[in-house]
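The next block holds one structure in the form of structure tokens; read it before the comments.
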């Protein structure tokens, strides 16, 4: 028999009491850890989208719905397409302040191999590109050849493997970094390949959601502004100078999402604080109510030679152990839900979600573990004080 | 071990009464190894308060308690607790057991405090002495009043104490069990322990070497010499 | 008592895996009369789930402690293998955002892992009990 066993039995010997406390700790840690991870994942998602686009200005056809379509492509991965005249790229190059520009061509496959879902195919110009290639995780050497593609990180196709689109075998020669955005499910190809795919689809009688030739049209143009030029001014001069297009500041497009995100993050933070406080208060009440119930037990311990300090330690350690176990379970459950199901959460939330890497997640887990574990002893401190100061003689005489 | 208490007084505040209630006034008592000392007296006369002061559980308002040459109330709480655990055994008035521990574990509780946790079989002798062998792995909740009483007495014996303080140890026991308890306390005294019993039980007189009577906070000797 | 609770938990987890695999966390559905690769993964999981449920039920019913432990070893081994069915043993669809990857695969992994953990706990409890009775 050891004192540890006395502590252990005081926890397992009252299963209902311990389970109720454990449950509170599980809820508290799941809320603290899960909330923090989701909040940071959303922030990561939006940050990565901003970085990933790499452009200061995006130029699209003028109609309002096109902007929504682009946002859907970027944020939710909903395939979409729209076109404008190819000459626009040349006109844009002439605008004062434009440093680099790269045009992209959007195509939506009606049907990809094995999948009944539509796939976003983005045709890009390798010579001018600055928004796709910097994000290659597994780089290919040289240029994209005919029927060679680069795939987003969410596609299961591995580098070196082929993907059949409309009967055309396309070899994946590169894969992009995960962004947590809609760009992860897209396929990137050179204009030759895109043209080939359209032809193949037509010859097979599959309706391609575009009949326009990439030789004549483009979907969007990404622009980088020269140093020293004001991005807003360049945006305004494009909007004023070129008919039929709208120039959007990348930041402003993301701002809408970022606003939505900050509301969500704020609510999550509020929720974390509320759950933590509520749990702490419930625990405080539980421990205080338990003082009367445990008086006799502690009087016995005192009578057999427990010092006041040891009595207090018994209460504090008991709550520490329960909170620690509860926190480990809560964090474990949360990890098993948030990480594997992050894509599902992303789809339901309609926001880019990029879960933090293992080390960062471990940091959050540790912080949550510490926050929850400390709550127990804090909530039981008063109870520990009272129980260590009981009048042993009176309790063991009167039995109250 | 010789326990010497000098000039012990105790007063405390009681709810609803202005001023302090004097429970003990200038009480002297000496306890010696090998002797059973019985304190009787009316309810509320201060017997249990004196016992608690002697056992180191309750600090007196005035006076000193020495275990041999150690002034116990000059020790820190941790030192006093350890001393009490190592050298004394305490049998409380009410049935007392930790509900989450088994009977055997309850008996071994004092040995856990001094860090030399005795193994589960160390309690076997005591379980047998107090007729609790069959109940060794039962929880206190399933025990009768008499069985609980025997459990708290067995627990007081586990560290082979040099002094045993018993507060009404036969309160809810029948004559047969009362005899068993007094015999065990007598045996402990014969083995070299100083035993103090606070009891109304007439049977106790048969086993006592010295009998004191407590009246309104003052102690007077009725029988024997120390 | 403890082992009975573990046995029931084992049965419930196996049942959740079996029923869930074709209801609340099913893989991608049929399209134009064509089944996608993940459909076969779903069938495999359902089949394994039925076997697991049957084993768990037999384990609850059988009174012999040693047989209970043996059956739980089987449940543990099979549930660990189920973890590898979606994606590793049988291919799923190509996009992470599709139901089979975003819901079916993680759910199967989580439920199977929970089942494996329960079965392992039962095996350990069985061995501890056997040692005690010895």
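Protein chains in written order, with my numbering: chain A, 12 to 411; chain B, 21 to 246; chain C, 871 to 1004.
Using N, Cα and C, we set each Cβ at its ideal position, and we do this for glycine too.
Quick caveat, the model's predicted, so the values are computed rather than measured.
Apart from the five residues just before and just after residue i, which ones in its own chain have a Cβ nearer than 8 Å to its Cβ?
| i | result |
| --- | --- |
| residue 50 of chain B | 22, 23, 24, 25 and 246 |
| residue 141 of chain A | 65, 66, 111, 113, 233 and 235 |
On the CB-based measure, 16 or more other CB atoms within 10 Å of its CB, does residue i come out buried or exposed?
| i | result |
| --- | --- |
| residue 1008 of chain C | Look at the range of chain C in this structure, 871 to 1004, and you will see that residue 1008 of chain C is not part of it. |
| residue 63 of chain B | exposed |
| residue 292 of chain A | exposed |
| residue 243 of chain B | exposed |
| residue 145 of chain A | exposed |
| residue 1004 of chain C | exposed |
| residue 125 of chain A | At residue 125 of chain A, the pLDDT of 48 sits below 50, so the modelled position is not reliable and the matter cannot be decided from this model. |
| residue 212 of chain B | exposed |
| residue 1000 of chain C | exposed |
| residue 394 of chain A | buried |
| residue 167 of chain B | buried |
| residue 368 of chain A | exposed |
| residue 116 of chain A | buried |
| residue 62 of chain A | exposed |
| residue 378 of chain A | exposed |
Compare the C-beta of residue i against all C-beta atoms of chain B and say whether one is closer than 8 Å.
| i | result |
| --- | --- |
| residue 28 of chain A | no |
| residue 306 of chain A | no |
| residue 389 of chain A | no |
| residue 317 of chain A | yes |
| residue 17 of chain A | yes |
| residue 324 of chain A | no |
| residue 310 of chain A | yes |
Check this for me: beta carbons of residue i and residue j, under 8 Å apart or not?
| i | j | result |
| --- | --- | --- |
| residue 286 of chain A | residue 38 of chain A | yes |
| residue 345 of chain A | residue 45 of chain A | yes |
| residue 33 of chain A | residue 337 of chain A | yes |
| residue 422 of chain A | residue 231 of chain A | With chain A running from 12 to 411 in the structure shown, residue 422 of chain A is simply not present. |
| residue 915 of chain C | residue 959 of chain C | no |
| residue 96 of chain A | residue 228 of chain A | yes |
| residue 74 of chain B | residue 216 of chain B | yes |
| residue 274 of chain B | residue 295 of chain A | Any question about residue 274 of chain B goes unanswered here, given that chain B covers just 21 to 246. |
| residue 68 of chain A | residue 259 of chain A | yes |
| residue 58 of chain B | residue 219 of chain B | yes |
| residue 154 of chain A | residue 180 of chain A | no |
| residue 978 of chain C | residue 924 of chain C | no |
| residue 322 of chain A | residue 389 of chain A | no |
Between residue i and the rest of its own chain, which residues show a CB-CB distance below 6 Å, the 5 nearest in sequence each way excluded?
| i | result |
| --- | --- |
| residue 341 of chain A | 37, 40 and 41 |
| residue 320 of chain A | none |
| residue 196 of chain B | none |
| residue 186 of chain B | 111 and 217 |
Looking at the C-beta of residue i, does it have a partner C-beta in chain A at a distance below 8 Å?
| i | result |
| --- | --- |
| residue 880 of chain C | no |
| residue 876 of chain C | no |
| residue 110 of chain B | yes |
| residue 873 of chain C | no |
| residue 34 of chain B | no |
| residue 190 of chain B | no |
| residue 980 of chain C | yes |
| residue 949 of chain C | no |
| residue 181 of chain B | no |
| residue 117 of chain B | yes |
| residue 113 of chain B | yes |
| residue 971 of chain C | yes |
Shorter than 8 Å from the beta carbon of residue i to some beta carbon of chain C?
| i | result |
| --- | --- |
| residue 165 of chain A | yes |
| residue 145 of chain A | no |
| residue 355 of chain A | yes |
| residue 65 of chain A | no |
| residue 88 of chain A | yes |
| residue 367 of chain A | no |
| residue 195 of chain A | yes |
Please work out which residues of its chain come closer than 7 Å, Cβ to Cβ, to residue i, disregarding the five sequence neighbours upstream and downstream, and give them in chain order.
| i | result |
| --- | --- |
| residue 930 of chain C | 877, 878 and 881 |
| residue 41 of chain B | 31, 32 and 34 |
Exercise. Below 8 Å, can you find three or more Cβ-Cβ pairs linking the segment 192–205 of chain B to the segment 167–174 of chain B?
Worked result: Verdict: yes, contact present.
Exercise. Looking at C-beta atoms only, is the number of pairs between the segment 100–111 of chain B and the segment 309–318 of chain A that lie closer than 8 Å three or more?
Worked result: Contact between the segment 100–111 of chain B and the segment 309–318 of chain A is present, because at least three Cβ pairs lie under 8 Å.
Exercise. Taking one C-beta from the segment 181–192 of chain A and one from the segment 155–165 of chain A each time, how about it: are there three or more such pairs within less than 8 Å?
Worked result: yes
Exercise. Between the segment 876–887 of chain C and the segment 231–241 of chain B, do at least 3 Cβ pairs fall closer than 8 Å?
Worked result: Touching, no.
Problem set entry | Stretch pair the segment 931–946 of chain C + the segment 887–907 of chain C: three plus CB contacts closer than 8 Å | no
For this session: Give a yes or no on contact between the segment 154–162 of chain B and the segment 123–131 of chain B, applying the rule of three or more CB pairs nearer than 8 Å.
Result: yes
For this session: Would you be able to state if there are at least three C-beta pairs under 8 Å between the segment 140–151 of chain B and the segment 65–82 of chain B?
Result: The answer is no - the segment 140–151 of chain B does not touch the segment 65–82 of chain B, with fewer than three Cβ pairs under 8 Å.
Problem set entry | Three-pair Cβ contact test at 8 Å for the segment 362–379 of chain A versus the segment 44–58 of chain A | yes
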